[in-house]
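The next block holds one structure in the form of structure tokens; read it before the comments.
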Amino acid sequence: MLQRFIHRFFRPRHYWRSVSFDEIAELYTSRLIMVFAVNIVNLFAAVYLYKLGYSIQFIAWFYAAWYAFKVPFAVIAAKYAAYFGPKHGILLANILRIPSLIAFALVAVLPSQQAIVAIVLFGFFQQMAATLYDLCYTIDFSKVKHSEHAGKEIGTMQIMEKTAKIISPVVGGTIASLYSPQATIIVACVLFILAAFPLFRSVEPTRTRTTLRLSGFPWRLALPTLIAETVVGFDFVVSGTVWLLFTTTVIFSGMGEGIYATLGSLASLGVLISLVASWTFGQIVDRHKGGILLTAGTIANSMIHLFRPFTASPSAVMGVNIANEIATSAYAMPFTRAVFDVADDSGFRITYLMYIEMMLNFGAALGSTLFALFVSGLGDRHGMECMFVVAAVYELIMLFVWRSAR
71 MLQRFIHRFF
81 RPRHYWRSVS
91 FDEIAELYTS
101 RLIMVFAVNI
111 VNLFAAVYLY
121 KLGYSIQFIA
131 WFYAAWYAFK
141 VPFAVIAAKY
151 AAYFGPKHGI
161 LLANILRIPS
171 LIAFALVAVL
181 PSQQAIVAIV
191 LFGFFQQMAA
201 TLYDLCYTID
211 FSKVKHSEHA
221 GKEIGTMQIM
231 EKTAKIISPV
241 VGGTIASLYS
251 PQATIIVACV
261 LFILAAFPLF
271 RSVEPTRTRT
281 TLRLSGFPWR
291 LALPTLIAET
301 VVGFDFVVSG
311 TVWLLFTTTV
321 IFSGMGEGIY
331 ATLGSLASLG
341 VLISLVASWT
351 FGQIVDRHKG
361 GILLTAGTIA
371 NSMIHLFRPF
381 TASPSAVMGV
391 NIANEIATSA
401 YAMPFTRAVF
411 DVADDSGFRI
421 TYLMYIEMML
431 NFGAALGSTL
441 FALFVSGLGD
451 RHGMECMFVV
461 AAVYELIMLF
471 VWRSAR
């Protein structure tokens with residue numbers, strides 16, 4: 071039913087497609103369900119560990135190890151996608167999410183030593199699932215998107231993702247507050263299985279039974295976007311994990327279990343306001359104005375990071391969330407279009423997107439490691455405030471790399 075609605079609503083707006091709309095509609099549907107399921111749990115994972123008594127320093131090192139392990143695993147994920155196809159990779163990724171969530175649910179009920187083992191198992195399966203899914207989804211979308219109207223289709227996919235991000239924090243936070251965080255895990259497990267079904271109504275978009283090609287890779291063409299991808303990973307850690315822990319420990323420090331619903335509602339409001347921007351930004355990208363959009367979004371996001379340490383009220387948190395969502399969409403959409411253009415032109419689609427995934431996680435691992443070091447040396451609050459300043463500077467790398475690539 072959901073796929074029929076998406077097909078009926080978006081097909082007239084994709085009239086320029088010379089191939090069937092079914093493939094992109096399937097991907098829209100699957101992505102909507104997947105993002106919903108992931109955000110039900112992942113948005114609150116760091117806060118959940120903190121509420122269980124784990125220190126911010128421990129959480130930071132956990133995420134540093136998590137992202138570092140994802141870097142080499144991207145090679146295995148790429149080989150799997152090349153041989154079996156990205157859709158089969160997405161299915162396997164969704165299955166791998168389930169043992170990771172079961173392990174995460176056991177953290178609260180096991181003794182301390184066994185709980186550490188459960189956290190490690192959660193991280194192990196979750197990083198495999200996330201790496202495999204992200205890479206295979208990117209391969210699939212880069213292959214089935216329309217070359218001349220990729221910006222509009224990226225905008226539509228952003229709308230799918232933001233719709234899921236509006237609903238999932240409220241649903242996940244409400245379930246966690248009224249029942250328990252473990253209850254959200256049960257809901258997510260069911261959704262992970264359902265998310266893969268829409269994709270298998272059509273064949274794999276790439277040739278299967280192939281091997282990963284490395285020889286002759288066009289490094290000169292790919293290097294600017296690969297360096298810029300580290301900025302995306304770094305920003306993901308700061309705007310996600312660090313910001314959530316900052317608001318939890320500094321602004322909402324007196325809240326009990328109601329923190330999940332509060333954080334979920336504030337996150338949803340931020341995404342809701344920025345929803346309209348995704349469609350507009352997609353059209354701007356297709357009009358070859360992506361450079362202006364990326365520059366504005368990058369500078370705005372850098373300034374937002376500088377403002378984060380001075381946030382002191384729920385209304386200010388909401389304002390930061392709204393501004394961050396709009397600014398992130400502004401730079402992410404033209405950059406994503408540039409990544410897909412390189413994937414199309416390079417002749418090494420899977421290899422290039424593997425390197426993109428590796429650099430994304432390298433940036434996230436770097437951000438998490440700095441986070442752990444700052445917290446260890448400066449204390450929790452000052453360490454997080456220092457991370458916001460560093461992120462504001464690191465964000466500007468995107469501008470220099472973008473200009474060198476033009």
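Numbering follows the numbering used here, in which position 398 of the sequence shown is assigned residue number 468; successive positions increment by one, without gaps.
C-beta atoms are modelled at their ideal positions from N, C-alpha and C, and glycine is treated no differently.
Item to check | Nearest-angstrom beta carbon gap, L436 and T311 [assumed within contact, 8 Å] | outcome: Rounded, the Cβ-Cβ distance is 13 Å, inconsistent with contact.
Checklist entry - In angstroms, rounded to a whole number, what distance separates the CA positions of L125 and V257? => result The residue asked about is misnamed: residue 125 is Ser in this sequence, not Leu. Going by the C-alpha atoms only, they are around 27 Å apart.
Next on the checklist: Once DSSP output is grouped into helix, strand and coil, what is the label at M325?
Outcome noted: coil
Checklist entry - According to the neighbour-count rule (16 or more other Cβ atoms, all chains shown, within 10 Å of its Cβ), is F316 buried or exposed? => result buried
Checklist entry - Does the beta-carbon of R357 have 16 or more other beta-carbons within 10 angstroms, so that it is buried, or is it exposed? => result exposed
Next on the checklist: Would A199 and A188 qualify as a contact pair, given that the criterion is a beta-carbon distance under 8 Å?
Outcome noted: no
Checklist entry - Is the segment 370-379 in contact with the segment 452-466, if contact means three or more CB pairs nearer than 8 Å? => result yes
Next on the checklist: So for T231, helix, strand or coil by DSSP?
Outcome noted: The question names Thr, but residue 231 is Glu in the sequence shown. E231 falls in the helix class under three-state DSSP.
Checklist entry - Sorted by chain position, which residues of the same chain lie with C-beta nearer than 7 Å to A138's C-beta, five sequence neighbours on each side aside? => result A435
Checklist entry - Beta-carbon separation of S416 and L291 under 8 Å? => result yes
Checklist entry - Whole-angstrom Cβ separation of I245 and T233, contact assumed at under 8 Å? => result Their Cβ separation, rounded to whole angstroms, is 19 Å, which puts I245 and T233 out of contact at 8 Å.
Item to check | Check whether V445 and A148 have beta carbons under 8 Å apart | outcome: no
Checklist entry - Going by other Cβ atoms of all chains shown within 10 Å of its Cβ, with 16 needed for buried, is R167 buried or exposed? => result buried
Checklist entry - R279 and Y153: beta carbons closer than 8 Å? => result yes
Checklist entry - What are the uninterrupted segments assigned as beta strand (DSSP E) that are 3 or more residues long and contained completely in the segment 343-413, given in chain order? => result none
Item to check | Rounded C-alpha distance that separates G360 from L440 | outcome: 31 Å
Item to check | C-alpha distance - E465 paired with L423, whole-angstrom precision | outcome: 21 Å
Item to check | Residue burial classification, Q184 (beta-carbon count within 10 angstroms, cutoff 16) | outcome: exposed
Next on the checklist: Tell me whether the segment 366-374 and the segment 400-410 touch, counting them as touching only if at least three CB pairs, one residue from each stretch, are closer than 8 Å.
Outcome noted: yes
Item to check | Closest Cα partner of Y249 within the set Y330, P142, A298, L102 | outcome: Y330
Checklist entry - If you drop the 5 nearest sequence neighbours on each side, which residues of the same chain put their C-beta closer than 7 Å to that of L119? => result I129
Next on the checklist: In chain order, what are the residue ranges of uninterrupted alpha helix (DSSP H) at least 4 long that sit wholly in the segment 281-338?
Outcome noted: 289-307, 313-316
Next on the checklist: If you reduce the DSSP assignment to three classes, tell me which class F79 lands in.
Outcome noted: In this prediction, F79 has a pLDDT of 43, which is less than 50 and means its spatial position is unreliable; nothing more can be read from the coordinates.
Checklist entry - Which residues mark the beginning and the end of the alpha helix (DSSP H) in which G453 is found? => result 450-464
Item to check | Secondary structure of S446, DSSP reduced to three states | outcome: helix
Checklist entry - Using a beta-carbon distance below 8 Å, is L180 in contact with chain D? => result Although the question refers to chain D, the structure presented lacks it and comprises just one protein chain.
Checklist entry - Under the rule that 16 or more other beta-carbon atoms within 10 Å means buried, what is I362, buried or exposed? => result exposed
Checklist entry - Are the beta-carbon atoms belonging to A442 and A134 less than 8 Å from one another? => result yes
Next on the checklist: Helix, strand or coil, according to DSSP, for H84 in the structure here?
Outcome noted: Confidence is the limiting factor: at H84 the pLDDT is only 42, short of 50, which leaves the residue's position unreliable, though a coordinate-based value still follows. Reduced to three states, the DSSP call for H84 is helix.
Next on the checklist: So the candidates are I297, R101, E274, M325; which of them puts its Cα closest to the Cα of Y203?
Outcome noted: R101
Next on the checklist: Measuring only the C-alpha atoms, how far is A461 from G328?
Outcome noted: 29 Å
Checklist entry - Looking at the unbroken alpha helix (DSSP H) that takes in T201, where does it start and where does it end? => result 182-214
Item to check | Unbroken alpha helix (DSSP H) run spanning G159, endpoints | outcome: 156-176
Next on the checklist: Taking the alpha-carbon of G449 as reference, which of V307, L296, S238, T319 has the nearest alpha-carbon?
Outcome noted: T319
Item to check | Euclidean distance between Cα positions of F32 and A337 | outcome: Given that the chain is displayed from residue 71 to residue 476, the structure contains no residue 32 and the question cannot be resolved.
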